[in-house]
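Same order as they appear, the protein sequences are chains A and B. When you line the first sequence up against my numbering, it's residues 1016 to 1354, in that order. When you line the second sequence up against my numbering, it's residues 1016 to 1354, in that order. Just so you know, even glycine gets a beta-carbon here, dropped at the ideal spot from N, CA and C.
Number of protein chains: 2
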Amino acid sequence: MAIKKGRASFAFSPPPSVITFAAVGGKMENEGPMGSYFDKTNDDPYFTTYTYEQGESKLQKEAIRLALKKINLQSENVSFMFGGDLLNQCVGTTFGIRDYEIPFLGIYGACSTMSEGLLLSALSVDSKAGELVLAVTSSHYCTAERQYRFPLDYGGQRTPTAQWTATASGALVVSPSDSSPFVRGASVGRIIDLDIHDANNMGAAMAPAAADTIKRFFKDFKLAPKDFDYIVTGDLGKIGSELLIELLSEDGIDITKNHLDCGMMIYDFEKQDVHAGGSGCGCAASMLCGYFLPRIKSGEIKNIFFAATGALMSPTVVQQGESIPSISHGVWISHERGN
Amino acid sequence: MAIKKGRASFAFSPPPSVITFAAVGGKMENEGPMGSYFDKTNDDPYFTTYTYEQGESKLQKEAIRLALKKINLQSENVSFMFGGDLLNQCVGTTFGIRDYEIPFLGIYGACSTMSEGLLLSALSVDSKAGELVLAVTSSHYCTAERQYRFPLDYGGQRTPTAQWTATASGALVVSPSDSSPFVRGASVGRIIDLDIHDANNMGAAMAPAAADTIKRFFKDFKLAPKDFDYIVTGDLGKIGSELLIELLSEDGIDITKNHLDCGMMIYDFEKQDVHAGGSGCGCAASMLCGYFLPRIKSGEIKNIFFAATGALMSPTVVQQGESIPSISHGVWISHERGN
């Protein structure tokens, strides 16, 4: 049963577990500082398919395959799954999961998709509607660039505030279990729109949404940054991360000591030409499934608040002059079961 | 608590209620046979905004406003909401709900969005994560045509199998309550792809998904078509409805006596040039919120199985030669609370 902690915050009692997880990435991700934490990487941006879109689907298919394989779970035993991605009509997911025939609930949270999927998977297990519930997401540099900005062949210049969409995927399965990591609670995000119009500065657009959710979570759960090893945001990058720290400090919340941003972790700013950092659903998802969850499982990390962040922008409405609304869903993941 | 009935089917115990609902439509919808069942219609396709996309957002904003107003519910008392639509990055929803500041979980189920939203809202109330959970969706003829097919100005010929995307929205709120309509149970749909490649024949693409969910629901719940006043599909239209009946009869399930399709109900085939019928997220959502829910509330209708259907197509991948995978989520809505 979920225990309400605030308007849209709830604790899970007992907390369900993340019983398996896997991360898959591309060439840039392999060459970055986190390369060794991926379960598998592939240098071919097509992932041995014919189009970038099929390649992105293959990323999800592989992440699911590896996550299931780790615990010898057959796909037909998965109750149902949540998934989504950045592509129009979420086709990265649709075509990636089609062959598994797992009952499927599509979600759209832009780059916050993994925290939304994890939240809803935990909710589903908590309600006993499902026993083994999967969440997956992905992003791909080549599909995202041509959909949101310019076709790669155009060779457009990237602005200093632009972020590099990660070619990566993460998949996990939530189930009732006695072993860590546990999903202790969550806060559903609100749409926050501070009138940012620059589609090449998503960090600035998303930072206020992350600040809102982090603030609300701490208040609702009566917790503070010191209760967590890390406050993990999705893909704010350099600019967004600085803004987040500034916004939270205005409310007396200091996360300077334990803030990590997946978009800052995934690439090497010295050696890789990624401008303001990494982004994309696959960035936060692969860092969660490849780096954080294994460390929470082992006990090396005790508690994180995982607040992936999404810019709910569309090229159509940006061209119509609209601003970029953003959202962040937060999930408390712990090595300890709690009371 | 949800009671598992099958892999992805569950009953709610006690069943939550749909405590308020509203339907909003456009000119064609007002002129059709169901015109009087809409809470509000507007002849202006822009809904007094500057773009069709803003118009679609306005539809959702209005549907939510009217649903809340009926029971004097303030938006700040809504725990959180589920919403989505057909537009890239679900911007119909994002911009429609932005001003309400209701915590928001984005979903993507194409035209099955209302059954997905209702299912997840009921699940959230059931788990006690939320007390008042809202679901909304919309579609708009002018935004859908230019995104999926041709700009309206092009004046393209429509094929006989094409359907007319409804300009409509439906919104509802689920909460624990003693009054009808009750959400008794649900079945999560699977992606079904029988290799249909014609983006102008979505009924044919979606019928197998509806058949799969209806069959599975009856089997899991040990129920039959005779236990329901109506088996309601979303927007199969003429061709899809015929196919659905044929597919189910192969499995010995006869729904000829009580099948209704929202895409067949919403327009007048004699007087309105809609070819194979209505479609779009707003079609099933407005028929549910405008026609079915009020009749279930009054007891005129006792039980329906509401299986909205979605074609998970994207113009990009259709142009790349892909087929059209489809999905249908089913929800059992009843005047009776059950045991």
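Suppose you measure from the CA of A/His1212 to the CA of A/Ser1341; what does that come to, to the nearest Å?
Walking along the first sequence from the start, residue 1212 of chain A turns up at place 197. Walking along the first sequence from the start, residue 1341 of chain A turns up at place 326. As the crow flies, the alpha-carbon of A/His1212 is around 12 Å from that of A/Ser1341.
- Query: Can you name the residues that DSSP bridges to A/Lys1055?
  - Reply: Position 40 of the first sequence, counted from the first residue, corresponds to residue 1055 of chain A. DSSP lists A/Val1039 as partners of A/Lys1055.
Margin query: Distance cutoff 8 Å, beta carbons only. Does A/Met1016 sit that close to anything in chain B?
Written below: Counted from its first residue, the first sequence places residue 1016 of chain A at position 1. Interface residue, yes.
Next on the checklist: Among the candidates A/Gly1050, A/Ala1186, A/Ala1222, A/Ser1130, whose CA atom is the shortest distance from the CA of A/Thr1108?
Outcome noted: Within the first sequence, the letter at position 93 stands for residue 1108 of chain A. The candidate whose alpha carbon is nearest that of A/Thr1108 is A/Ala1186.
- Message: I want to see whether chain A comes within less than 8 Å of B/Asn1103, judged by CB atoms only; does it?
- Response: Within the second sequence, numbered from 1, the residue matching residue 1103 of chain B stands at position 88. At a cut-off of 8 Å, the C-beta of B/Asn1103 has a neighbouring C-beta in chain A.
| field | Length-filtered (3 minimum) beta strand (DSSP E) runs lying within the stretch 1200-1285 of chain A | value | Runs of beta strand (DSSP E) with 3 or more residues, each lying fully within the stretch 1200-1285 of chain A, are found at 1245-1248, 1274-1276, listed in chain order.
(Q) What does the Cβ neighbour count give for B/Ile1112, buried or exposed, with the cut at 16 atoms within 10 Å? (A) One-based indexing of the second sequence puts residue 1112 of chain B at position 97. Flag for B/Ile1112 reads buried.
Can you give me the C-alpha to C-alpha distance between A/Cys1298 and B/Gly1047, rounded to a whole angstrom? Position 283 of the first sequence, counted from the first residue, corresponds to residue 1298 of chain A. Position 32 of the second sequence, counted from the first residue, corresponds to residue 1047 of chain B. Cα to Cα, A/Cys1298 sits roughly 48 Å from B/Gly1047.
- Task: Leaving aside the five residues before and after A/Ser1194 along the sequence, list all residues of the same chain whose C-beta is less than 8 Å from its C-beta, in chain order.
- Result: Taking the first sequence and counting its residues from 1, one reaches residue 1194 of chain A at position 179. Only Ser1032, Ile1034, Lys1312 meet the Cβ criterion.
Margin query: Along the stretch 1076-1101 of chain B, where does the CB come closer than 7 Å to a CB of chain A? Name the residues.
Written below: Taking 7 Å as the upper bound on Cβ-Cβ separation, chain A lies near residues Ser1094, Phe1095, Gly1099 of the stretch 1076-1101 of chain B.
Using the Cβ count rule (16 or more neighbours within 10 Å means buried), how would you classify A/Phe1248?
What you label residue 1248 of chain A is simply residue 233 of the first sequence in a count that begins at 1. The sequence given here has Thr at residue 1248 of chain A, not Phe. So A/Thr1248 counts as buried.
Distance, Cα to Cα, B/Ala1225 vs A/Ser1127? Within the second sequence, numbered from 1, the residue matching residue 1225 of chain B stands at position 210. Within the first sequence, numbered from 1, the residue matching residue 1127 of chain A stands at position 112. Cα to Cα, the separation comes out at about 30 Å.
B/Met1096 - partner residues in DSSP beta bridges: Residue mapping note: residue 1096 of chain B aligns to position 81 of the second sequence, counting from 1. Answer is B/Phe1119, B/Leu1149.
Quiz item: With C-beta atoms as the reference, is B/Tyr1067 less than 8 Å away from B/Thr1158?
Solution: Along the second sequence, one-based indexing puts residue 1067 of chain B at 52. Along the second sequence, one-based indexing puts residue 1158 of chain B at 143. The answer is yes: Cβ separation under 8 Å.
In three-state DSSP terms, what is A/Ala1023? Start at 1 with the first residue of the first sequence, and residue 1023 of chain A comes out as number 8. A/Ala1023: coil per DSSP, three-state reduction.
Is there a Cβ from chain B that is less than 8 Å from the Cβ of A/Leu1135?
-> Looking up residue 1135 of chain A in the first sequence gives position 120. It does: the Cβ of A/Leu1135 has a partner Cβ on chain B nearer than 8 Å.
Go to B/Val1140, then tell me how far its alpha helix (DSSP H) extends in each direction, as first and last residue.
-> The residue labelled residue 1140 of chain B in the question sits at position 125 within the second sequence. Unbroken alpha helix (DSSP H) run through B/Val1140: 1128-1141.
Inset, instruction - Give me the Cβ distance between B/Arg959 and B/Phe1197, rounded to the nearest whole Å; I'm assuming they're in contact under 8 Å. - result: Chain B is shown only over 1016 to 1354; residue 959 of chain B falls outside these bounds and no answer can be derived.
So, with DSSP's three-state summary, where would you put A/Thr1331?
For this step, residue 1331 of chain A is matched to residue 316 along the first sequence. Residue state, collapsed to three classes: helix.
query: Cβ atoms of B/Met1302 and B/Met1049: under 8 Å apart, would you say?
result: By one-based count along the second sequence, residue 1049 of chain B stands at place 34. By one-based count along the second sequence, residue 1302 of chain B stands at place 287. Contact: yes.
- Task: Label A/Glu1285 either buried or exposed according to how many other C-beta atoms from any shown protein chain fall within 10 Å of its C-beta, with 16 as the threshold for buried.
- Result: Against the first sequence, residue 1285 of chain A aligns to sequence position 270. Around the beta-carbon of A/Glu1285, fewer than 16 other beta-carbon atoms lie within 10 Å, marking it exposed.
Practice problem: Find the residues of chain A that neighbour B/Pro1240, judging by a C-beta separation of less than 9 Å, and give them in chain order. | Solution: By 1-based counting over the second sequence, the position of residue 1240 of chain B is 225. Near B/Pro1240 there are no residues of chain A at all, since even the closest Cβ is about 22 Å away, more than 9 Å.
Can you find a C-beta in chain B that's less than 8 Å from the C-beta of A/Asp1141?
Indexing the first sequence from 1 puts residue 1141 of chain A at position 126. It does; some Cβ of chain B falls within 8 Å.
Cross-chain neighbours of A/Asp1208 in chain B, by beta carbon under 8 Å = Translated into positions along the first sequence, residue 1208 of chain A becomes position 193. The answer, in chain order, is Arg1113.
Using a Cβ-Cβ cut-off of 6 Å (strictly less than) and excluding sequence neighbours within five positions of A/Asp1283, which residues of its own chain qualify?
-> The sequence position of residue 1283 of chain A within the first sequence is 268, counting from 1. Closer than 6 Å at Cβ, skipping near neighbours: Gly1047, Pro1048.
Under 7 Å from the C-beta of B/Met1328: neighbouring residues of chain A: On the second sequence, residue 1328 of chain B is found 313 positions in, with the first residue counted as 1. Think of a sphere of 7 Å around the beta carbon of B/Met1328: the chain A residues whose beta carbon falls inside it are Gln1104, in chain order.
| message | Within 8 Å, do at least three Cβ pairs link the stretch 1218-1238 of chain A to the stretch 1162-1170 of chain B? | response | No, the stretch 1162-1170 of chain B is not in contact with the stretch 1218-1238 of chain A.
Spell out whether any CB of chain B is found under 8 Å from the CB atom of A/Thr1109. Here residue 1109 of chain A corresponds to residue number 94 of the first sequence, with the count starting at 1. Interface residue, yes.
Q.
Taking CB distances under 8 Å as the criterion, tell me whether A/Arg1022 reaches chain B.
A. Mapped onto the first sequence, residue 1022 of chain A falls at position 7. Yes, A/Arg1022 counts as interfacial toward chain B.
> Can you list the residues of chain A that B/Ala1037 reaches, using a CB-CB cut of under 9 Å?
Replying inline: Stepping through the second sequence from its first residue, residue 1037 of chain B is reached at position 22. Simply none; closest approach about 21 Å.
_Please identify the residue among B/Gly1041, B/Asp1059, B/Ser1136, B/Phe1062 whose C-alpha is closest to the C-alpha of B/Phe1053._
As a first step, residue 1053 of chain B must be located in the second sequence, where it is residue number 38. A check of alpha carbon separations from B/Phe1053 across B/Gly1041, B/Asp1059, B/Ser1136, B/Phe1062 identifies B/Gly1041 as the nearest.
Original post:
Mapping DSSP to helix, strand and coil, what is A/Thr1324?
Top reply: Taking the first residue of the first sequence as 1, we reach residue 1324 of chain A at position 309. It is a strand residue.
Could you name the residues of chain B that A/His1324 contacts, counting a contact when the two beta carbons are closer than 9 Å? In the first sequence, residue 1324 of chain A corresponds to position 309, counting from 1. Strictly speaking, residue 1324 of chain A in this sequence is Thr, with His absent from that position. Contact annotation for A/Thr1324 against chain B: no contact, minimum CB-CB distance about 13 Å [criterion: below 9 Å].
Could you please tell me which residues of the stretch 1188-1201 of chain B, in chain order, have their CB closer than 9 Å to any CB of chain A? Listed in sequence order: Ala1201.
CA nearest to the CA of B/Trp1347, picked from B/Asp1244, B/Leu1263, B/Gly1305
Locating residue 1347 of chain B in the second sequence gives position 332, where the first residue counts as 1. With distances taken between CA atoms, B/Trp1347 lies nearest to B/Asp1244 out of B/Asp1244, B/Leu1263, B/Gly1305.
Q: Give every residue of the same chain whose Cβ lies closer than 6 Å to the Cβ of B/Ala1038, excluding the five residues on either side of it in the sequence, and list them in chain order.
A: By one-based count along the second sequence, residue 1038 of chain B stands at place 23. Closer than 6 Å at the Cβ level, and outside the excluded window around B/Ala1038, lie Phe1053, Asp1054, Gly1185, Ser1301, Cys1304, Gly1305.
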